[in-house]
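Numbering (my numbering), first residue to last: 793 to 1747.
Glycine residues also receive a C-beta, built at the ideal position from the N, C-alpha and C atoms.
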């Protein structure tokens, strides 16, 4: 069981309190010396304030001096206090210290050491240990835990030479006149979880020949100088010929902030590592490295420093140190490594640079400073300023951002991305270090060797240049000049009117304005097969072979060379290869192709549009899946369709058009054309009397649209008149003839035809009782059917005239019809309406039907051969008109004079020219009146009718 020696409670009298503690320490040491294997002997201080003092003649004499194996323990910080007496006013190196002899295995814990600074002057430190090396004493394994040292005029914790293995943890230093924690010529040890604040100089001061020390998770803030200083001293220790440096110091974690100078200062030291620390809001630099070697700053957060003045101090500064105190020479900071840190300024007062190495630091030669993997932002002047600095990446895919100064960046392996913004920025890539490296540049830039891609950024007018690789170069929104070298390059000017030059190789260009200019090598065999992707309507420049439309662009044109390949998109494209044998592919829309060479190839996929169109100036056959073909120019051409429903249009010359399969539309144009629709129901457009339509017996139901008078050719079924054509004639088939707004003459010819006249006053020739004539209510006011067969007048047709010598029947409709027979004995019926019925020659049977009908007699008279019977004459409504060219005795026109009319079988006086025999119903004409001879019967209206002169009109 460990031995505990209790010290009496404090008296407030320094001599008494010091004597009590000293006696307990010596007793504990004696016990430890008797039984060192029993471990430390505890000296337990009570709660309260123990007063101590020093020796005015011997500053090395401490108020409390500890010996080996002693553990001095209080009741806790602020509860057990060892306090320097008021008015001591002399130097004391340590209020509590290890004795100046061989001392080891000492612990101090759970108490406060108060330097009583307000009531003392001179130099007083809170704790010291160690013996000068020249005295050949050894002190080791010194531990302080849970100790607070405050208000000393000099140092708080001040372990000194040459102490080995010092541990200070969970301690506090505050309000001391100089440094909170010191390590002066300490060999080995750990400072952990300590807090140092409001001290007059440094929070932590690691100095002189201290080595192999770990500082972990400490805090230093609101101190009068640096938060943490690691530095060589200025005095050559006894036994040394030079001043040894601090070496092998590890700063792990911790926070250093709001200090009056640097967060961390590394000066004339070697092998210092700062890892995972947070260093911020210090008045000057976050970290300053002066004249030191092998300093490592890694994975730390360094931010918002330089609070003393905006744009004045750097987050990390690397510089030389001139030793004006001892050696009078310059020491250069070398092999400084700043890796994977987060460095930023985001306040109103910002640091100058994230990482800056002063140029004078290179006066001694290369410093091999490295800054890799850092995330830097918000600096006033720039991210990194390291003269001759090569920022190195890793074997992975790095993002390396250039600062406002000249940077050299080497991404090493992987596919790296570089940001360039200075004319002296250098990107270094070696062969084999990635296959997709990328430079983002806000200035005019030329790709260095082994870098593949370049993108111009910002809004300024700048240019981009490639190298010998297959580059991808992209412009910005301004007007750029982009040039590549050898290799298969991809050039995209971005927005703006750009000039793109691919150099050797098979290059790809991306264009979005018609004002973009592409320059390719001509006739040297090195220009390659080049492709343009254009989102604007575009014409291939010289020596570029392929053009592919993108976006909503619609028009692509080739150049004067053969071998262009034009490819459309989903829009309705216009593709024109111009001279030479070209390949054109339209895509999904309804596309238009211009062909000028029989070797031109048009490619359409199935489903690639339903209204594709080729316009050709040479003989041409429609490609598969293209619907329409039109000629241009003036030469006579031969145009051939395909299996689709084609529309083929010629020019003004005499063309040959062949539709082949499908329902084709053939229009030869203005010349005397030959048109052959092939199989299917075809449509032809005719405009020349010498146009020839060729059809076969199995060629479908075909229609001719004719702008001239036209007769259907063999095996064509339908004829439609257009423009001013007036006459349409069918053939031996059952035809459909359709007129226009002119006064048409339609003659279906043999077979049962269908005729429709349109809006004019039309003539229809009927030769088959199954012929159909169609008229609408607005289709003219004087339409006429001329028929050689018995026929019933179609609706909305006003007149019908018979031809030929056969006795046929004519029947009207509900209009006021004009019906005229032929020389045979016709039966003519007017039906409803006010009809005009003319039997003409022959013995006809006439019916007016309902309405006020007129019966006309104007053919040569013959009682036997031309005597018409009117079957429904009614004098109240009907009228008989007599032509005085036939009835010559009737000189005057108009209503027949009553003097010229009589009732009876013969004339009663010399001017009875017209008479009615009521007994027989005959109506006769007597040219001689009552003189003998001259009577001819021309009509019979039935017996016992009421008839008078007023029922006759002479014309």
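- Per DSSP, reduced to three states, the secondary structure at residue 1488 is coil, with no helix or strand assignment.
- About 12 Å separates the beta carbon of residue 994 from that of residue 976, a gap too long to meet the 8 Å contact definition.
- From the listed residues 1461, 1462, 1454, the smallest Cα separation to residue 1490 is found for 1454.
- In terms of Cα proximity to residue 1079, the closest of 1093, 1063, 1055, 1194 is 1055.
- In this structure, the alpha-carbon of residue 1631 lies about 15 Å from that of residue 1656.
- The C-alpha of residue 1607 is placed about 26 Å away from the C-alpha of residue 1739.
- Each residue's CA atom was taken as its position, placing residue 851 and residue 1116 some 30 Å apart.
- If one requires a minimum length of 3 residues, the beta strand (DSSP E) runs lying completely within the segment 1625 to 1704 are 1628 to 1630, 1637 to 1639, 1646 to 1649, 1660 to 1662, 1671 to 1674, 1693 to 1695, in chain order.
- At the C-beta level, residue 1517 and residue 1493 stay beyond 7 Å of one another.
- Rounded to whole angstroms, residue 1398 and residue 1352 show a C-alpha spacing of 30 Å.
- Bounds of the alpha helix (DSSP H) holding residue 813 are 806 to 826.
- In this chain, the beta strand (DSSP E) harbouring residue 933 covers 931 to 942.
- In summary, residue 1563 is buried, with 16 or more beta-carbon neighbours lying within 10 Å of its beta-carbon over all protein chains present.
- Rounded to whole angstroms, the separation of the alpha carbons of residue 816 and residue 861 is 12 Å.
- When secondary structure is reduced to three states using DSSP, residue 1732 falls in the strand class.
- Judged by beta-carbon spacing, residue 1687 lies beyond the 7 Å limit of residue 1747, meaning their Cβ atoms are not closer than that value.
- Within the segment 983 to 1053, complete beta strand (DSSP E) segments of at least 3 residues are found at 987 to 989, 996 to 999, 1003 to 1008, 1011 to 1013, 1020 to 1023, 1038 to 1044, 1047 to 1049, given in chain order.
- Looking only at 1307, 1400, 1263, the smallest Cα-Cα distance to residue 1297 is reached by 1263.
- If you draw a straight line from the Cα of residue 1420 to the Cα of residue 1408, it is about 11 Å long.
- By the CB criterion at 7 Å, residue 1171 and residue 1137 fall inside the cutoff.
- Straight-line spacing of the CA atoms in residue 900 and residue 803 works out to 21 Å.
- With a threshold of 16 other beta carbon atoms within 10 Å, residue 1427 falls short and is exposed.
- Per DSSP, reduced to three states, the secondary structure at residue 1069 is coil, with no helix or strand assignment.
- The DSSP-derived three-state label of residue 1144 is coil.
- Take residue 1548, set aside five residues on each side of it, and the residues of its chain with a beta-carbon closer than 6 Å to its own are 1530, 1566, in chain order.
- A residue is called buried once 16 or more other Cβ atoms fall within 10 Å of its Cβ, and residue 849, having fewer, is exposed.
- Annotation for residue 1406: the continuous beta strand (DSSP E) segment containing it runs 1405 to 1408.
- When secondary structure is reduced to three states using DSSP, residue 866 falls in the coil class, being assigned neither helix nor strand.
- Contact between residue 1289 and residue 1307 holds, with the beta-carbon distance rounding to 4 Å and staying under 8 Å.
- In the three-state scheme derived from DSSP, where H, G and I count as helix and E and B as strand, residue 1566 is classed as strand.
- As summarised for the segment 1415 to 1476, the continuous beta strand (DSSP E) elements at least 3 residues long and confined to that stretch are 1420 to 1423, 1430 to 1432, 1439 to 1441, 1448 to 1450, 1457 to 1459, 1466 to 1468, given in chain order.
- Under the three-state reduction of DSSP output, residue 1292 falls in the strand class.
- Within a 10 Å sphere around the beta-carbon of residue 1028 sit fewer than 16 other beta-carbons, which makes this residue exposed.
- Contact between residue 1070 and residue 1092 holds: their C-beta atoms lie close to 7 Å from each other, under 8 Å.
- A check of alpha carbon separations from residue 1173 across 1157, 810, 1143 identifies 1143 as the nearest.
- Taken atom to atom, the span from the alpha-carbon of residue 1114 to that of residue 1125 is near 11 Å.
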